[in-house]
Structures are given as structure tokens and as C-alpha cells.
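Worksheet for the structure shown next.
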Amino acid sequence: MENIIKGRARLLGDNINTDTNCSSKYLPGKDNAYVAQHAFEKVAPAFVGSFKAGDIIVAGKNFGINSSREQAVHVMHLMGVAAIISHSFGRQFFRNTINNGLPAVECDISGIADGDEIEIDLASGQVNVAARGITRAVPGLPPAVRQILAEGGLIKFLQKYPDWKAA
Amino acid sequence: MGYTIAEKILAAHSGGTPVRAGDVVVADVDFAMMHDARAGNAMKMAAKLGANGLPFAKRTALVMDHYSPPPHIEAANTHKEMRAFAESSGAVLYDVGDGICHQVMPEGGHLTAGDLIVGTDTHSVTYGAFNALGTGVEGTDVAAVMMTGKLWFRVPETIRIELKGQLQPGVWAKDVTLKMLGRFGAEGANYRALEYTGSGVAAMEIDDRMTLSNHAAELGAKAAILEADDKTIAWLKAHKARPPKPVKADADANYVERIEIDTAALVPQVARQHNIDDVVGVPEVKGKKINFALIGTCTNGRLDDIRQAAAILKGQRIARGVRMIITPASREIYLAAAREGLIEALTRAGASFEAAGCGTCVSVTGHLITGDGDVAISSANRNFKGRLGNDKSEIWVGSAATVAASALTGFITDPREVEGGQWRAA
Ligand code: SF4
Numbered sequence: 136m137e138n139i140i141k142g143r144a145r146l147l148g149d150n151i152n153t154d155t156n157c158s159s160k161y162l163p164g165k166d167n168a169y170v171a172q173h174a175f176e177k178v179a180p181a182f183v184g185s186f187k188a189g190d191i192i193v194a195g196k197n198f199g200i201n202s203s204r205e206q207a208v209h210v211m212h213l214m215g216v217a218a219i220i221s222h223s224f225g226r227q228f229f230r231n232t233i234n235n236g237l238p239a240v241e242c243d244i245s246g247i248a249d250g251d252e253i254e255i256d257l258a259s260g261q262v263n264v265a266a267r268g269i270t271r272a273v274p275g276l277p278p279a280v281r282q283i284l285a286e287g288g289l290i291k292f293l294q295k296y297p298d299w300k301a302a
Numbered sequence: 016m017g018y019t020i021a022e023k024i025l026a027a028h029s030g031g032t033p034v035r036a037g038d039v040v041v042a043d044v045d046f047a048m049m050h051d052a053r054a055g056n057a058m059k060m061a062a063k064l065g066a067n068g069l070p071f072a073k074r075t076a077l078v079m080d081h082y083s084p085p086p087h088i089e090a091a092n093t094h095k096e097m098r099a100f101a102e103s104s105g106a107v108l109y110d111v112g113d114g115i116c117h118q119v120m121p122e123g124g125h126l127t128a129g130d131l132i133v134g135t136d137t138h139s140v141t142y143g144a145f146n147a148l149g150t151g152v153e154g155t156d157v158a159a160v161m162m163t164g165k166l167w168f169r170v171p172e173t174i175r176i177e178l179k180g181q182l183q184p185g186v187w188a189k190d191v192t193l194k195m196l197g198r199f200g201a202e203g204a205n206y207r208a209l210e211y212t213g214s215g216v217a218a219m220e221i222d223d224r225m226t227l228s229n230h231a232a233e234l235g236a237k238a239a240i241l242e243a244d245d246k247t248i249a250w251l252k253a254h255k256a257r258p259p260k261p262v263k264a265d266a267d268a269n270y271v272e273r274i275e276i277d278t279a280a281l282v283p284q285v286a287r288q289h290n291i292d293d294v295v296g297v298p299e300v301k302g303k304k305i306n307f308a309l310i311g312t313c314t315n316g317r318l319d320d321i322r323q324a325a326a327i328l329k330g331q332r333i334a335r336g337v338r339m340i341i342t343p344a345s346r347e348i349y350l351a352a353a354r355e356g357l358i359e360a361l362t363r364a365g366a367s368f369e370a371a372g373c374g375t376c377v378s379v380t381g382h383l384i385t386g387d388g389d390v391a392i393s394s395a396n397r398n399f400k401g402r403l404g405n406d407k408s409e410i411w412v413g414s415a416a417t418v419a420a421s422a423l424t425g426f427i428t429d430p431r432e433v434e435g436g437q438w439r440a441a
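From first to last, the protein sequence lines stand for chains R and W.
Numbering-wise (my numbering), the first sequence opens with residue 136 and increments by one.
Numbering-wise (my numbering), the second sequence opens with residue 16 and increments by one.
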């Protein structure tokens, strides 16, 4: 995983439950490919149709709230989500993004519009939207977490460092 | 500046150096749990890690509770896989009908005061009732614990909640949490740990304390921890838990917030249909007609809940047109209820019992379908639209006392106004 992620902003609203909108919890028997084709359609009907691999989800507050399934992150990988920026995340969802190697950054999203080019610098902790003159500092992730993310998630991290001791 | 219980437990499990809210630690986990709704994912992740065995699987419980009994082939096959996994890995197995994960974990002696426990379920906060830091994780996390015995944690900020005064008869821990949900909103404590303290907690029996910790999940809490007292220690001993290592907060611990609740003045509460934080006092809505009454779940399916229901319904008959289902939280509770004659009393009153498990919580077993326009009153923890399988019905949530009193009259009823509604655990 690179420290600098660039992509197109795709906006979603507040309080999105990713169990309901991005998992098969309520679609028994449906696989990730099916869920990926219908993700978020309850809250943003046109979202998936125009989503391209490498896009960045920019969501309002409490993204992933009340949602515990890490399947949602697997589905987002399948969609090609490069990163997520949100004002705040549901606790379990945030944990799942790290465990599954999807960068998720807490940041004020005001002023960012759908389609804006965004740059996230994970190392220095910055979100930039050059066209709008936005530069925002974001809380840096602790090293223990950055290492897991850098390896692409907890499973890959432990396959490489079975005793949790990263070099 | 002193430390909170969560800070102390996480420090003690990650080498002993003090830690503060916001730090990230890799900590030794005492016991882990996965249930049948998430075990498929956890076992898949474990398969990717298991090349050198899963040495900590013997400190993991697999519980068949959500699909108890399994309503479709997919669930029945997951159960088969869980049995085989337990056999080969040495994990502890709880089969169909043994009970809900959050009940069998403490009953099975798998946790003690001062422990760090994870489970694939948001209500893993229940273990806080025993002074353990219990928290919800996903399959990848439990797979990591089975392989390494460890997991990463961000140390949470803590809110201290003082319950001032003993609850009146007919008022329960359920009502305390509903009141808080009304005040702070669902997820109002997202990410935070809660510490409950005060004379209101001291007066509660263990069953009610478990409700208090359990229901904090609806507030979004990462943990909901009580201090251990004589009742806690005696309970743990009786269930053959490992020796307790009680952890207390420092008097000058760093809390993000301190809240006081006048528990002595509290009246029974209900959450109205669809939103667990749309809460009013029962006196404000009494007279609302109901036709389905449910007692069970990891929040309120314990022995004291069933005793309370029996105190109200023994020798009576539930109202015409009402159906009532009770699901004990575990086989042990089912047996105790049988020994005490509660099953007979409640069955004669018109209730039906189902196998211990999550049955009354969510419509996965398919036994709870409501009709169009039906109004259910339930002792569960969630009431969003369609939770019982029909978008056109309503679910209201209250204590087991409120549910039983309402089943008796056919209307939402204040338990303090019916005979037996003031029953108290001795
Ligand atoms: S009883 Fe309900 S809330 Fe509790 S573990 Fe089972 S499904 Fe989850």
C-alpha cells in the first residue's frame, strides 16, 4: 500500500450502516459480487453505476455505524474503493478497515464535492483537494496500526510476522 | 492523574506499562468467542493462519445460538463445520440449545474479573458485568487470537456513570439503559468505554447487572465495566471461573465525562416502535394495545426475568388475542426455571417456551413472524423496522416486568400496577 492515495471523491451521506448497504446480512445467499453491484443503492441509487475502481468514498458522519460485518470491507475492495474519508466512523467498521487493509481517514469533509480530485497522504496525515484550496491535517495512525495497513491487513501481517513483531 | 478500569486492564495485558486513552496496544486476550452468525467468516480467516496450528483455539468458545435450531441448510452446514472445527482445534463448543454466547461464556467459567475478552458480537460488552473488559470484534480478530493469543486495541476514553439510589420495585436495569438511550441517543457513547458505579449498581443482582452491561451496546459502547464486589466474586466462584483479579478505577482517573442518574426516582420505560432511543415512561403510553409478547435474548432472558414474569402471570391467563413466547438465555436457565416450576406456571398462563438461544431477538429462526399491523412488546435490545420479519408491524421494547404485565392485560401496562409486578430478586 502506498502512502499517497489519489482518487476521485464519491459522496455519501451521514449515518450509513454498511451491514444494510454493503453486505449480505439481509440478502442471504448473495455473494460479494452481487452485493458490490447493489452497494449503497438504498441511500444513493446512482452511486454504484458510476463508481470506478480507484475512487475514494467521502462520507458524512458515522460511516459504518451500527455495522459489524467485515464483509462490507471485502465488498468495497471488490468495488475498487481506494480509501474512505469520513467525518467519523462506526467503531467496529473502522477496526474492520484496518484489519482488511483499506485506508480510512477521519477528516472534516465540508467543501468537498462529488467528483473532486483528492489526495490523501497517510504518512504526513493530510487530505488535500487542490482545486478547492483545501488542505486539512488528519489524525495520524499509530505505528502498530500503520504496519497492519501497510501489509494489506491483519491476516497478511500475521502471515509475515506471526509474533506481531514487525521489523 | 489516575487511570480508568479500561486503561488498567489493557495495560496489565500488554506488558504492564501504563497506557492512556488513544494509545494502541497489542494485548494478551484471556478468552475469545465466535457465534454461528460469524463463525463461517472466522473459520475462513483462521484457515489462512492455521498453517502452524491454532495454539490458542482452546481458549475460544464456538456457540450455536443465532440459528438455534437452524432454519435453513446454510445454517445447519455452518453448525456441522463448527463441530468439526472444535474437534480439530480443541476449541470449546456450545451446541444448539446450550444458550446465547453472552450467557454461556460467564456460566461456563470462561471469564473472570480483570480479564480481557473478545467476541464476534457487539453485545460482548456483557462481560463488563464481571469486571472484565469485553468487546466486540470480527472473524479476522478471533482468527488472530486463536493463532497468537493477542490482538490490537485502541485504548478507549471512558464515561463514568453513577447510578444514585436503589431502583424501586418493578423498575429494572433495562429501564436505566432505556432512559439513557432516550437521553443520549443510540450510539451516543460510540467508541467510549462506560464505567457504571454507585449505590444503584451495588443493589443490583448479577442478572440485572448483566443487563446493564449488555444493553450498553445500543449506546455504541466499546465496553461497559462494573467494579467487582462480593456478589461478583461469589458468582464467579460458583461458576468455577479462574481466580478473580478485580480492577478498580483511581479516584482521579481521567474521564471524558461524568454522568449521574437518579435511579431511585426512575419509572418503567419503553422504547417506541422502530427506534431504540425513542423512549418514554410507561405511564405515558399505557393502554396501547399489543398482540405479541416476547421475553428472551442476551439482554433480558435470564432467570430473574423469567421469575419476574412468573410472579405476574402465575395462576393468571394472558389476555385473549395475545401470543407470548419465552426463550431462556441458556440451558442452565431453562433447567433452573423448570426446577422452580416457572415453566409450568408460565405455560399454563398461555406462554410457549422455545429452545435456549437468540430465538426471540431477530427473525432468523422464522418463528416470530408478526402479522400486518401487529404490535409486539419485547424484552430484546433492538426494535428496528422488520426485526421480526414484517415491516408492517411494530416492536416496542421494555423490561420483562413490563412485557409480562402487558401480556396479562393486552395493553402496555406499568408493572407496578399489577399483582406480582413489584417482585424483587432476593
Ligand atoms: S440475543 Fe440478539 S442481540 Fe443477543 S447475541 Fe443473540 S442475536 Fe445478538
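C-beta: ideal position from N, C-alpha, C; glycine also.
Check: residue i C-beta below 7 Å from any heavy atom of the ligand SF4
i	result
T312/W	yes
H138/W	yes
H230/W	no
V5/W	Chain W is shown only over 16 to 441; residue 5/W falls outside these bounds and no answer can be derived.
I305/W	no
D80/W	yes
N396/W	yes
H117/W	yes
C157/R	no
C373/W	yes
Exposed unless 16 or more other CB atoms sit within 10 angstroms - verdict on residue i
i	result
R354/W	exposed
E272/W	exposed
G336/W	exposed
R402/W	buried
L64/W	buried
G316/W	buried
L318/W	buried
T362/W	exposed
K189/W	buried
T375/W	buried
K177/R	exposed
L162/R	exposed
V418/W	buried
N234/R	buried
N231/R	buried
N167/R	buried
N67/W	exposed
Beta-carbon gap between residue i and residue j smaller than 8 Å
i	j	result
A415/W	G436/W	no
A171/R	L213/R	yes
G302/W	F426/W	yes
F71/W	G164/W	yes
P171/W	A238/W	yes
E241/R	S259/R	no
F145/W	T247/W	yes
A90/W	D51/W	yes
K329/W	A360/W	yes
R271/R	Y206/W	no
G215/R	A188/R	yes
E242/W	T278/W	no
R338/W	F368/W	no
N398/W	V377/W	no
F46/W	D156/W	no
G12/W	L182/W	Look at the range of chain W in this structure, 16 to 441, and you will see that residue 12/W is not part of it.
So does the segment 110-117 of chain W actually touch the segment 52-65 of chain W, counting three or more Cβ pairs closer than 8 Å?
no
Taking 8 Å as the cut-off, does the segment 145-160 of chain W touch the segment 256-266 of chain R (at least 3 CB pairs, one atom from each stretch)?
no
Length at least 3, wholly inside the segment 217-248 of chain R: the beta strand (DSSP E) runs in chain order:
You should have 218-221, 239-241.
Inspect the CB distances between the segment 167-181 of chain W and the segment 32-47 of chain W and report whether three or more fall short of 8 Å.
In short, these stretches touch, since the Cβ pair count reaches three.
If contact is defined by three or more beta carbon pairs under 8 Å, each pair taking one atom from either stretch, is the segment 377-396 of chain W in contact with the segment 77-93 of chain W?
With the cut-off at 8 Å, the segment 77-93 of chain W and the segment 377-396 of chain W touch.
Would you check if the segment 136-152 of chain R and the segment 179-199 of chain R touch, i.e. whether three or more CB-CB distances between them fall below 8 Å?
yes
Fully enclosed by the segment 203-273 of chain W, which beta strand (DSSP E) runs are 3 residues long or longer?
Within the segment 203-273 of chain W, complete beta strand (DSSP E) segments of at least 3 residues are found at 208-212, 238-241, given in chain order.
Examine the Cβ distances between the segment 89-98 of chain W and the segment 386-397 of chain W and report whether three or more of them are shorter than 8 Å.
no
Would you call the segment 224-234 of chain W in contact with the segment 255-268 of chain W, where contact means no fewer than 3 C-beta pairs closer than 8 Å?
With the cut-off at 8 Å, the segment 224-234 of chain W and the segment 255-268 of chain W do not touch.
Could you tell me which uninterrupted alpha helix (DSSP H) segments, each at least 4 residues in length, are contained entirely in the segment 68-105 of chain W, listed from first to last along the chain?
88-104
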